[in-house]
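Residue numbers (our numbering): 301 to 737. Note that the Cβ used here is the ideal one computed from N, Cα and C, for glycine as well. Okay, structure first, notes after.
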């Protein structure tokens, strides 16, 4: 049996599945139920400084994007940090950690960007026995207007400064949670590392408006006729999150920096993909809110079964395995040629591949042959774009088949070259020509 025990910056848990800082981790009742269901750890919902608790809206807090089958693809969230008293949260954290010593408890924090505010909250969190802290530099709404959350996370200098304050004032591992609402995620990651962070977590939610009510003409969710931008999460953000994880994992300046992956993780496969791209563990939110805490049991079983099937003994066998295969476009092999192939026995003759190809300008799939409805790839026109594979409703009916070196590419009239060549060396690249002169 594969060993999926996790050790993330010294924080140990029986598996790599943590609940992210969010409504499911806002109180002891929820966290205990999550641990009973099998979650390896939680990041307690973000705590603020001592004083009157933050005020949340009392109406709808979520907007949504659904697929055609009403499956939830994304949530827009306008809820803020915990609105429960700080001391109540601290007492609960301490008790839960005492009762569940083998589970990871990390506390998310967000206080004003002032050193005294961080110095005040760090000791009281440390006293709970929590395993670490996560600095919430990602919240894109409500708190950012108060100079916290993404307002800090979008300024690398602020990130480095606050991380330094925390590292100087606590024994606990510091995880810096990054905002995706930025042009280049590598810059805040580098700043966090310069400040001494033990790890980064990403992504936090994406600034969004998920819909507009066309009767009231107000964004959803609507509060008394008005709406606001919020944080977007769920399966729809997974591609964005994975790219940002990979960018940090392969950046020479942050290579080796531990990463906790967040963003649309719903299945064991999602988690494995994040870890293959460099994440040391994963955090889950929307899936737990949508399907309940027991979803982790499928994640655990699925990951263990896959690892056993593939011969991966521990998480170290998969973490970062895909990172070396992520590259910039300019280094892709331009001499690699693939053509679409349609399995005629599996084809249901729906015609979606033909329409997609015909109207996307390649015109490389027939619709009629000898007066009969028939869909077949015209190799002389196929550019290998893969669109037909993605629109086909029958799995594996259309596949991409690479042409071997020396085989004639009917589209170009030239044999496939066995030599690797990319844009940096291509004769049409003006920079390449300059370099050759």
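Restricting attention to 676, 714, 649, the CA atom closest to the CA of residue 642 is found in 676.
In the assembly as shown, residue 501 is a buried residue. Its beta-carbon has 16 or more other beta-carbons within 10 Å. Under the DSSP assignment, residue 586 falls in the alpha helix (DSSP H) whose first and last residues are 586-591. The residues 470, 471, 472, in chain order, have a CB closer than 7 Å to that of residue 426 in the same chain once the five nearest residues on each side in sequence are set aside. The three-state reading of DSSP puts residue 583 in strand, counting E and B together. Inter-segment contact for the region 570-588 and the region 316-334 is present: three or more beta-carbon pairs are separated by less than 8 Å. Distances from the CA of residue 371 to each of 340, 535, 489 were compared; the closest alpha carbon is that of 535.
Closest in C-alpha terms to residue 720, from the list 343, 662, 636, 393, comes 636.
Along the region 362-416, the alpha helix (DSSP H) occurs as fully enclosed runs of 4 or more residues at 386-399, listed in sequence order. The beta carbon of residue 353 sits closer than 8 Å to the beta carbons of 382, 383, 384, 385, 386 from its chain, once the five residues preceding and following it are set aside; these are given in chain order. Residue range 538-550 is occupied by the alpha helix (DSSP H) that includes residue 544. Restricted to the region 622-700, the beta strand (DSSP E) segments that are unbroken, complete and at least 3 residues in length are 638-642, listed in chain order.
Taking residue 525 as reference, the option from 533, 532, 531, 513 with the minimal CA-CA separation is 513. For residue 499, the enclosing beta strand (DSSP E) has its first and last residue at 499-502.
Bounds of any beta strand (DSSP E) do not take in residue 600; it lies within the alpha helix (DSSP H) bounded by 595-610.
By the Cβ criterion, the region 702-716 is not in contact with the region 613-628, since fewer than three pairs of Cβ atoms, one from each stretch, lie closer than 8 Å. Here residue 559 is not near residue 503, since their CB atoms are 8 Å or more apart. Within the region 439-472, the complete alpha helix (DSSP H) segments at least 4 residues long are 450-453, 456-469, listed from N- to C-terminus. By the Cβ rule, the region 404-413 counts as touching the region 333-348, because three or more pairs are nearer than 8 Å. Under the three-state reduction of DSSP, residue 509 is assigned to coil, being neither helix nor strand. Just measuring C-alpha positions, the residue of 378, 462, 539 sitting nearest residue 357 is 378. Three or more pairs of CB atoms, one per stretch, sit closer than 8 Å, so the region 487-495 contacts the region 458-469.
The C-alpha of residue 309 is placed about 29 Å away from the C-alpha of residue 507. Counting along the chain, residue 493 sits inside the alpha helix (DSSP H) bounded by residues 486-495.
Around the C-beta of residue 597, fewer than 16 other C-beta atoms lie within 10 Å, and the residue is accordingly described as exposed.
DSSP places residue 337 in the helix class (H, G or I) of the three-state scheme. When DSSP reads this structure, residue 526 sits in a beta bridge with 523.
Taking C-beta atoms as the reference points, residue 441 and residue 313 fail to come closer than 8 Å. DSSP, reduced to helix, strand and coil, places residue 725 within a helical segment of the structure shown.
A distance below 8 Å between beta-carbons, with the five flanking residues on each side excluded, links residue 349 to the following residues of its chain, in chain order: 386, 411, 412, 417, 420, 421. Around the beta-carbon of residue 336, fewer than 16 other beta-carbon atoms lie within 10 Å, marking it exposed. Boundaries of the beta strand (DSSP E) around residue 317: 317-319. If you compare the alpha carbons of 511, 324, 301, 576 with that of residue 594, the shortest gap goes to 324.
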